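Numbering (this note's numbering), first residue to last: 361 to 808.
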């Protein structure tokens, strides 16, 4: 394999592994804070225990996220020196701010973990969760602005191959930043909703009828529906952003080869990359025009407006469809649960229990599927930018390192990720299996 492909594969596996822990790291603090707040307000030991147990698992995910995040930082320098040489001065500010946000989060996380039951007023401890949320969200914001800059670069002047007149703030707040940041945050919160909900659903599926699990599932599925709706709205904004600023990515994702009005949305199918014929696909009339411009009669730019060598890879369509399909699944499952819960509280639909096993199994499946949706979305976003690493200025093939031994590095890093995945799984299982919620509640370790 050539250097560029090896560098991309190594970056792909690192980011693909890191994004799992980064997503959990961004989303879990919000749920910890919300659970503790409800527990204090209602004087409910179950919600307080949710916050405690989630915070224990959160620390482990943060630790692994730090390791993999460090790998990414090193790989950015060593694997893509051409990019760092050209754009390093521009992205230096958000990279520094991302590190600062993480330090801010880590400091308050330590204080939060070691001050349970140390304050007479429990709300004082809850307040400490707010900086953790701000730090995690801030970290996601700053690192996402770097990715946004790679898609719609601005804030500099290119003179003789060197970036001059650099305005890092303008570079950070580029046209891609609003939609990308919003989508990253909403999808992180949605994913965490289902990951935590899947854990509760699993215990109920195993016929553990404790109130703790029921409250955990109701709590997480309410947020799942909320963030599903929000994610759908933001996805619509992202489609309109692509139509205006990255039409080639939207066209590749939808196999839209000819510029035309009343464009149809392609769902599924198989494409012949030589003849550009699409088979076995469902075409929904005018929907792509609506997605792109909010007008069924609008013109949508096709790949015919770009040289073939600058087309994104056509396989991104499969990942786009996968992301949207999984998002729809998560919405439907959370909606069904919330609707059943609503009617059950009013004494209706008793025949269809919200604790029925098929629905619980659907929620359990939603945990890994939500992570898969994150991976699909990331692959679509990054591969859809190709062949550019910095769109319009620097191609990926010109930014990769010429250094040798990338295959050895690829093997070693993948062994590291397998080791970390096994280690984290063992630690988390033993951590929560050793002390169950029933044991903690019975021992009255939760103090109101």
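Cβ atoms here follow ideal geometry from the backbone N, Cα and C, with glycine treated the same way.
Because the structure is a prediction, the values reported are computed rather than measured.
Can you name the start and end residues of the beta strand (DSSP E) that residue i belongs to?
i, result
"residue 613", "Note, residue 613: premise wrong, no beta strand (DSSP E); alpha helix (DSSP H) at 607-613."
"residue 408", "Premise fails: residue 408 lies in the alpha helix (DSSP H), 405-439, not in any beta strand (DSSP E)."
"residue 641", "637-644"
"residue 523", "522-524"
Tell me which same chain residues have a C-beta within less than 7 Å of the C-beta of residue i, skipping the five on either side of it?
i, result
"residue 333", "Residue 333 lies beyond the residue range present for the chain, which begins at 361 and ends at 808; the question has no answer from this structure."
"residue 656", "622, 646, 649 and 650"
"residue 652", "599, 600, 603, 610, 658 and 660"
"residue 591", "546, 547, 550 and 687"
"residue 758", "442"
"residue 385", "421, 422, 425 and 496"
"residue 737", "547 and 683"
"residue 807", "Residue placement at residue 807 is poorly supported in this model, since its pLDDT is 47, which falls under 50; the coordinates are not used for a value here."
Which residue from the options puts its Cα closest to that of residue i?
i, options, result
"residue 588", "362, 686 and 629", "686"
"residue 795", "413, 381 and 467", "413"
"residue 784", "756, 372, 598 and 427", "427"
"residue 380", "754, 728 and 632", "728"
"residue 582", "758, 446, 692 and 369", "692"
"residue 463", "754, 496 and 551", "496"
"residue 553", "758, 723 and 370", "723"
"residue 538", "520, 481, 523 and 597", "597"
"residue 733", "362, 682, 699 and 416", "682"
"residue 586", "601, 551, 605 and 572", "551"
"residue 700", "719, 566, 689 and 684", "719"
"residue 791", "389, 363 and 421", "421"
"residue 717", "731, 697 and 775", "697"
"residue 675", "488, 631, 443 and 485", "631"
"residue 520", "768, 753 and 765", "753"
"residue 402", "635, 741, 483 and 799", "483"
"residue 721", "690, 786, 475 and 743", "690"
"residue 471", "502, 415 and 770", "415"
"residue 741", "564, 576, 385 and 511", "511"
"residue 513", "434, 533 and 786", "533"
"residue 362", "390, 763 and 636", "763"
"residue 695", "580, 458, 473 and 457", "580"
"residue 624", "638, 634 and 666", "638"
"residue 501", "517, 477 and 459", "459"
"residue 535", "594, 489 and 509", "509"
"residue 640", "626, 744 and 474", "626"
"residue 677", "739, 731, 669 and 435", "739"
"residue 766", "430, 393 and 440", "440"
Tell me the residue span of the alpha helix (DSSP H) that contains residue i.
i, result
"residue 648", "647-653"
"residue 490", "489-511"
"residue 629", "Counting along the chain, residue 629 falls outside any alpha helix (DSSP H), though it belongs to the beta strand (DSSP E) covering 625-632."
"residue 322", "Because the chain in this structure spans residues 361 to 808, residue 322 falls outside the shown range and cannot be described."
"residue 519", "Premise fails: residue 519 lies in the beta strand (DSSP E), 517-519, not in any alpha helix (DSSP H)."
"residue 529", "528-532"
"residue 669", "Where residue 669 is concerned, there is no enclosing alpha helix (DSSP H), given that its DSSP letter is neither H nor E."
"residue 677", "676-705"
"residue 801", "797-802"
Under 9 Å between C-beta atoms, does residue i make it to chain D?
i, result
"residue 640", "No chain D is present in this structure, which holds just one protein chain."
Between which residues of its own chain and residue i is the CB-CB distance below 6 Å, once the five residues before and five after are set aside?
i, result
"residue 527", "515"
"residue 504", "540, 541 and 544"
"residue 407", "395, 398 and 399"
"residue 654", "none"
"residue 479", "485"
Considering only their Cβ atoms, is the gap separating residue j from residue i smaller than 9 Å?
i, j, result
"residue 395", "residue 382", "no"
"residue 616", "residue 663", "yes"
"residue 761", "residue 367", "yes"
"residue 642", "residue 628", "yes"
"residue 574", "residue 560", "yes"
"residue 365", "residue 447", "no"
"residue 499", "residue 461", "yes"
"residue 432", "residue 374", "yes"
"residue 442", "residue 735", "no"
"residue 606", "residue 751", "yes"
"residue 780", "residue 555", "no"
"residue 370", "residue 702", "no"
"residue 802", "residue 409", "no"
"residue 768", "residue 570", "no"
Between which residues of its own chain and residue i is the CB-CB distance below 8 Å, once the five residues before and five after are set aside?
i, result
"residue 671", "608, 612 and 663"
"residue 417", "388, 788, 791 and 792"
"residue 487", "none"
"residue 756", "364, 368, 746, 747, 748 and 749"
- Curious, which full-length alpha helix (DSSP H) runs of at least 4 residues does the region 721-788 contain? none
- Entirely within the region 459-487 and at least 4 residues each: give me those alpha helix (DSSP H) ranges in chain order. 482-487
- Could you give the uninterrupted runs of the beta strand (DSSP E) lying entirely in the region 539-580, keeping only those of 3 residues or more? none
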